[in-house]
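Notes follow the structure.
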C-alpha cells in the first residue's frame, strides 16, 4: 500500500478516534503505581543461541525438541531416566546472570554478542482465585522477545525501549512456574532503530520484570492533567467483566479534592473539574507533585502527578504561560561506571540528573535516542527537569514499508501511554537526523499526527539536519510544517574543516515564527588528556574552546529557545575505535563514563548560570 494512502488512512483514523478504548494503538498498560507486584529481578539462568536453533532448525524447519529451551521439562531428571531422548541445553543448570541488565556487561564473552539468548526464572505464585487475574509486565526487552510460561507461549513483543504486558492467568501454577524469555538483539532493515547506530544497543532484559495480580476488573490506565483553561481533565480505563457502569473516584488529599465519575459501556470514565485555587503548578523551580489516588471497585492506584501547561506562541515556549529557555544537555541511558549495563534504577537516574540540575544549573534534558526508563522520567519529575522524549527513528529506516511505520506508531503509543502523567515531559520527538526525502517526510508526518491524536497536550519536535551555503546555515526540511518546535543538530568545528574562529562567524537563517532548539552540538575529549599549547582535537582544552565558540555563535540566533549539547557523559559506541582516545566510547561527554568532569563542563555551567540570572 503506498505510504501516501497510509498517511491518509492514519490521519482519518486518528482524527475520528474516540476515547482511549477506541484507539487501536493503545497497549495494555497495568500502570506501575500499584502494590500487588512481585519483582522477578535477580538470578536468571541463560543459554546462548547464536544460530536460533531454539526457534527454527536448518531450512526453516521446526526446531528440534532437544533444542527447544522453552519446554517445561526437567532435563536432569529426563537424562537420569535414560532412553533415546537427549538434550542440547539445560536452563536449570545454565550459567547465571543478574537481571535486569544488559548481557553486554555480564561477562567478557558477551560484550559484542548480537543474537538470541534464552533466559529462565522460576517463581511461585499465590493460590489461584476466580477473583484474581495474573500478568507479567516487562519494562523493556531489547530487541525482540518471545515469552513462554510453563511450556506455553504467552506473548511476543518487538521494540527495545517500551513496556509490554502479558496476561498469564490461565498458564500459571502455584509452585515452580518456569518463565522462559527468548531475547533476540539483532537489528535489520525492518527494525527500529536499524542495523547501525552510534550507541551500544545493549541486548537483554534491560529493565524490571514484574509479576502482577489484580482484581478481575482493574484499573488499566489512569491519567489526570491541567488544561490551558485551568481545568483538571483525565480518564480512567477499566479492564474486566465489570468494567461498564462502575463508579470511579479520584482523591487529591493535599487539595481536599475528590472527583467522581462512572464508566461508560467501554469501561472509560472521564474526569473534568475546575482546578482548585490552591493548586501549585509544577515547574523546574518548584517541582510540586501531588499524591493522587484512583479507586474503582476493588482496585486502587496511587500516583504522583504534577500539573502544568506547555505551549508555543510565535518563537516562545511557554511553561505555565511564561516564556522559558531550555538550559539542558542530551543524555544516553547509561549509568556511571566503566562497565555500564543499562541498570537505571532511581539512584542511578538521580545521580545522572543531579549533574544536570545542580552541576550544570540546567532545567532540561534531552533523553536520546529512544524512550528512557520510567525511573528516569519519575526522577526528572521529582528533581524538576523538563524532558524531551524520543522514539528511535534514527538516521534511516525502511520508509516505504507499512510494517515499519506500524512499529514506529506502536512504539510512540507505548511511550506516550506510559508517560502521560509525567509533568516533566514537554516534548515528543519523532526522529533524529533522518535524510530529507519525500517518503521519509510522509513517514514522519504520520508520526506527528499520531502524537497529536494520542497526546495533544504536549509539543512535537524532531532533531533535523541543516543545509549550508557559505557561512549561512538553513533548515531546508519540509518536515518543519509538522513541528511545534524546530530542533537542529550542528557540529561545525568538530566534523568538517571549520576552525573555531569560523564557527563564531556562522549565521542562521531560520523560521521567525517558531522556537528553535540546538538539539545537539559537541566535540570529543578524553578526560585527563590536556594539550594547553596546541589544543588538539580530543584534548579537554579543544572541547572547552569548541563550547565557547559554539555558545557565542548560538547567542546570535534570535529565535533560539534552548540547548541540549551532545552529551552529558561518555557512552559506549562500537563505531568509535581510536585506540588512544576512544576504544569503543563516544567521548563527547562533558563527564567521563565514571563521572569525571572535563573542562567544558564548567564552560557550559557558567553559561547556564548567566542565563538563569
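Residue numbers (the working numbering): 211 to 823.
Glycine included, C-beta positions come from ideal geometry on N, C-alpha and C.
Small disclaimer: the values here were computed from a predicted structure and weren't measured.
Of the candidates 724, 344 and 325, 344 places its Cα closest to the Cα of residue 334.
Residue nearest to residue 240 within the set 395, 429 and 400 is 429 (criterion: CA-CA distance). One Cα belongs to residue 511, the other to residue 631, and the distance between them is close to 13 angstroms.
When the five nearest sequence neighbours on each side are left out, the beta carbons in the same chain lying within less than 8 angstroms of the beta carbon of residue 808 are those of 735, 737, 750, 753, 754, 799, 800, 801 and 802, in order along the chain.
The residues 276 and 289, in chain order, have a CB closer than 8 angstroms to that of residue 296 in the same chain once the five nearest residues on each side in sequence are set aside.
Remark: C-beta atoms of residue 462 and residue 393 do not approach each other more closely than 7 angstroms. Beta bridge pairing from DSSP links residue 258 with 327.
Burial is judged here by how many other beta carbons sit within 10 angstroms of a residue's own beta carbon; residue 624 has at least 16 and is buried. Taking all protein chains in view, the Cβ of residue 484 is surrounded by fewer than 16 other Cβ atoms within 10 Å, so the residue is classified as exposed. In this structure, the straight-line span from the alpha carbon of residue 610 to that of residue 400 is close to 10 angstroms.
Annotation for residue 684: the continuous beta strand (DSSP E) segment containing it runs 682-684. Residue 729 and residue 641 have their C-alpha atoms spaced approximately 12 angstroms apart.
Sequence-distant Cβ neighbours of residue 349 in its own chain, meaning closer than 6 angstroms and more than five residues away, are 373, 417 and 418. With respect to residue 814, residue 570 sits close: the two C-beta atoms are nearer than 7 angstroms. Listed in chain order, the non-local C-beta contacts of residue 717 below 8 angstroms within the same chain comprise 681, 682, 683 and 766, local neighbours out to five positions each way being set aside.
Using a Cβ distance threshold of 7 angstroms, residue 273 and residue 260 do not count as a contacting pair. Residue 494 counts as buried, since at least 16 other C-beta atoms from the protein chains shown sit within 10 angstroms of its C-beta. With respect to the C-alpha of residue 336, the residue from 370, 375 and 387 having the closest C-alpha is 387.
With respect to the 7 angstroms criterion, residue 395 and residue 324 are classified as neighbours on the basis of their beta carbons.
For residue 345, the enclosing beta strand (DSSP E) covers residues 342-348.
For residue 811, there is no enclosing beta strand (DSSP E); the residue is part of the alpha helix (DSSP H) that begins and ends at 809-822. Within the same chain, and ignoring the five residues on either side of residue 382 in sequence, the residues whose Cβ sits closer than 6 angstroms to its Cβ are 335 and 344. DSSP places residue 688 in the helix class (H, G or I) of the three-state scheme. Taking C-alpha positions only, residue 312 is separated from residue 352 by approximately 9 angstroms. Here residue 568 carries a helix assignment [DSSP, helix/strand/coil].
Contact annotation: residue 519 and residue 591 have beta-carbon atoms that are not nearer than 7 angstroms. Restricted to the stretch 736-798, the alpha helix (DSSP H) segments that are unbroken, complete and at least 4 residues in length are 750-764, listed in chain order.
The closest CA to that of residue 253, considering only 305, 291 and 375, is found on 305. Taking residue 636 as the centre and dropping the five residues before and after it, the same chain places the C-beta of 520, 596, 597, 668 and 669 closer than 7 angstroms to its C-beta, in chain order. Buried is the label assigned to residue 356, since at least 16 other Cβ atoms lie within 10 Å of its Cβ. Of the candidates 294, 362, 465 and 314, 362 places its Cα closest to the Cα of residue 278.
The stretch 450-458 makes no contact with the stretch 527-543, as fewer than three CB pairs between them are under 8 angstroms. Here the alpha carbon of residue 246 sits roughly 10 angstroms from the alpha carbon of residue 509.
Per DSSP, the unbroken beta strand (DSSP E) holding residue 504 starts and ends at 500-506.
In this structure the stretch 439-451 touches the stretch 471-487; the number of beta carbon pairs closer than 8 angstroms is three or more.
Taking one beta carbon from each stretch, the stretch 780-787 and the stretch 523-537 have fewer than 3 pairs nearer than 8 angstroms; the two do not touch.
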